[in-house]
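In our numbering, the protein residues as written are 5 to 662. Reviewing the structure listed below.
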Ligand code: BF8
């Protein structure tokens, strides 16, 4: 039983199976209720979203208000200053984009700081693991590599990439990767990012009272900030993590709560920065700590991940993964977690209280993110194991005196994840002719109808994982290859769709390609910052040829069907600005029938970019994405090829039947 003092009174409660399709989460939600412990699922039932905020019809950027407009009659009144509904909504949207970009770019800058400190010799526990990637990125950035020391090349790369953040004028370095025509559109629209700090600063300025009061102009700066994330901060985070820790390649992983072991010391790492997790890997391999665990009666140390840093770790090391965003509280209900270690982003504050109920220590490690009730053991990159060894010692102490009932749902699923864009290149093209040509050819000949990115969070306003899984099933059934990042891929891994065997659920064309190559129809590409890998894959598809001249020409679409974070809004905006039709589920912070709505959902496409879409039903989302892919196929003149392939397939079926 949990600590009696922390028992929370019961309120309105829906059946767990109405709230999640994850069986382990449902089991632990039921247990939490039995134990009288309230979770986010329950709080969401008992707190309706603010209806004015949900329509983005409230302005609180000055203190003459907050001003409330009526979404049902949006132009009937304005704020005290005269701000219209369009100004108010675009300012609110801008602040979300700025916050999301700040999260990813601060993460990316932290990775770059680590890179510099390693190069300068101040940090000795990490090193450049992937010289090949370093040279590849350096060459792309026009850095001389011939006959030079690796360290000198790396330092030049550091200086070049630092511009992503600090540059006050010019264009961020990774625009070199953007297809020419896409870049032309950005230049025409004045949305090529200079440096992330400058762009975020300008957006915060422009969205303040009395500054930018034209929704279309505010949207331009939103795009500029969002692009500074996707082609800037996030891309740097991905590339530096690959250089320091290795580029992922496909690895079989175990996922779900059954990865916890009752007879071992279970340590969960949940967050976003891979350096903490990398050091945890070193600590749990420490013979003295393994012995200490055994002396405490445990069979060993069991390190597992959750959310995004977990995704980075299973992609690089095959570390087991316990679940996605809406399982981070429920996993504590197992009583089996001896330490939950967190760094930054997507850490629910309530974890501290739930952890306390089950006598688990919630350990914060990052100076940017402390939680009341959590124990803080600060992580310093120059002596990382001081922190992570101490965490292991604390976890062993808790194992010795668990003092709570342990109940682990015995559910383990497997998947194959870790598909970097480099690996897609190699996988389809082979060692000696690595290229995107086979992917493009299969799209042109219609075996693959198009590519969809299905990414992002869980949100307790939706049945956990349901939309992710049904949407992806529908897409692959229609020959759409799915690429994934973030919590979404854990939903699909739990549903068994990230294995090569899942090819039988795909349409005939995609199935044939998957079976020939031996790949799953759903490819996990890593954490949310690794959406940059999807951008690079799109750029490669354009450069390879045959599918148009800009990203906006590609038969691709994106979706975050259960999103909850501001980071997702930023990601959505950078995909839209890059040329991708992007559909969001759950809710969208906007009032329909307004000029700002028309701008985001229609007009951006006329400017040569992508556009936003919104739907909550997975089959409707799939319909919208497939219709868009077909529209692009038609514009490219390859819709006929697809019809021919389908006839071939029908012919083959007839032959088989004969
Ligand atoms: O960055 S998918 S819930 S964990 S925000 Fe968060 Fe959403 Fe998960 Fe990672 Ni991304």
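Glycine is no exception: its CB is placed at the ideal position from the N, C-alpha and C atoms.
Residues sharing a beta bridge with residue i, DSSP
i: residue 679; result: The structure shown does not extend to residue 679, since the chain spans only 5 to 662, so no value can be given for it.
i: residue 285; result: The partner list for residue 285 (beta bridge, DSSP) is empty, contrary to what the question assumes.
i: residue 366; result: 344
i: residue 306; result: 270
i: residue 586; result: 562 and 616
i: residue 63; result: 71
i: residue 236; result: Answer is none; residue 236 lacks a bridge partner.
i: residue 276; result: Paired residues: none, contrary to the question.
i: residue 373; result: 370
Residue-level contact to chain B via CB, residue i, 8 angstroms cutoff
i: residue 257; result: Absent here is chain B; the protein component of the structure consists of one chain.
beta-carbon residue i near the ligand BF8 non-hydrogen atom, thresh 7 angstroms
i: residue 281; result: no
i: residue 38; result: no
i: residue 71; result: no
i: residue 331; result: no
i: residue 96; result: no
i: residue 569; result: yes
i: residue 532; result: yes
i: residue 563; result: no
i: residue 460; result: yes
i: residue 612; result: no
i: residue 457; result: no
i: residue 328; result: yes
i: residue 491; result: yes
i: residue 349; result: yes
i: residue 572; result: yes
i: residue 26; result: no
i: residue 209; result: no
i: residue 3; result: The requested residue 3 is not part of the displayed model; the chain covers only 5 to 662.
i: residue 85; result: no
i: residue 312; result: yes
Helix, strand or coil at residue i according to DSSP, with G and I counted as helix
i: residue 488; result: strand
i: residue 562; result: strand
i: residue 88; result: coil
i: residue 463; result: coil
i: residue 629; result: helix
i: residue 265; result: coil
i: residue 81; result: coil
i: residue 32; result: helix
i: residue 644; result: helix
i: residue 249; result: helix
i: residue 356; result: helix
i: residue 220; result: helix
i: residue 527; result: strand
i: residue 361; result: helix
i: residue 318; result: helix
i: residue 21; result: helix
i: residue 507; result: helix
i: residue 441; result: helix
i: residue 601; result: helix
i: residue 454; result: strand
i: residue 198; result: coil
i: residue 398; result: helix
i: residue 155; result: helix
i: residue 112; result: helix
i: residue 513; result: helix
i: residue 192; result: helix
i: residue 326; result: strand
i: residue 468; result: strand
i: residue 379; result: strand
i: residue 97; result: helix
Residues near residue i by beta carbon distance below 6 angstroms, same chain, minus five either side
i: residue 171; result: 198 and 199
i: residue 99; result: 211
i: residue 331; result: 29
i: residue 664; result: Nothing about residue 664 can be reported from this structure: the residues present for the chain run from 5 to 662 only.
i: residue 642; result: 448
Residues of its chain near residue i, where Cβ-Cβ distance is below 7 angstroms and the 5 sequence neighbours each way are ignored
i: residue 251; result: 134, 137, 424 and 426
i: residue 349; result: 107, 275 and 276
i: residue 519; result: 507
i: residue 328; result: 311, 462, 491, 494 and 495
i: residue 34; result: 20
i: residue 89; result: 61, 73, 78, 79, 595 and 598
Own chain, CB closer than 8 angstroms to residue i, minus 5 neighbours either side, in chain order
i: residue 264; result: 270, 306, 308, 326, 335, 338, 340, 341 and 412
i: residue 294; result: 288, 304 and 305
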